[in-house]
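*Asks:* The opening position of the sequence shown corresponds to residue 2 in our numbering, with each subsequent residue numbered one higher. Ideal Cβ placement from N, Cα and C applies to all residues, glycine included.
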Amino acid sequence: MEINDFIEKIASQFENPGKLSPDTYYRDHEEWCSLMALQFLAVIYKKYRIRLKADEMRKTNTVEELYLLVKSKQ
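1. Are the segment 16 to 26 and the segment 36 to 56 touching by the rule of at least three beta carbon pairs closer than 8 angstroms?
2. Could you tell me which residues DSSP pairs with Thr25 in its beta bridges?
3. Going by the CB atoms, is the gap between Leu70 and Leu53 shorter than 9 angstroms?
4. For Asn5, report the span of its alpha helix (DSSP H) as first-last.
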């Protein structure tokens, strides 16, 4: 799994993703809400077959932190 592919999958969940990078604080995105968190969990499971718990995801803030969490579970 490459971080650019991961960013693409995450960006596809937003209607207007703007420019996402590894340093982007995804929780600061104007579209972020609890429903978006569920969508992230679903797309991570669908694409990578990794089940994250909500409390694990809450510990991440940037796209890179979320990526590293997912990568650590492979």
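*Replies:* Well, looking at it:
1. no
2. DSSP, once it has assigned bridges, lists no residue as partnering Thr25.
3. Their beta carbons are under 9 angstroms apart, which means Leu53 touches Leu70 by this criterion.
4. 4 to 12
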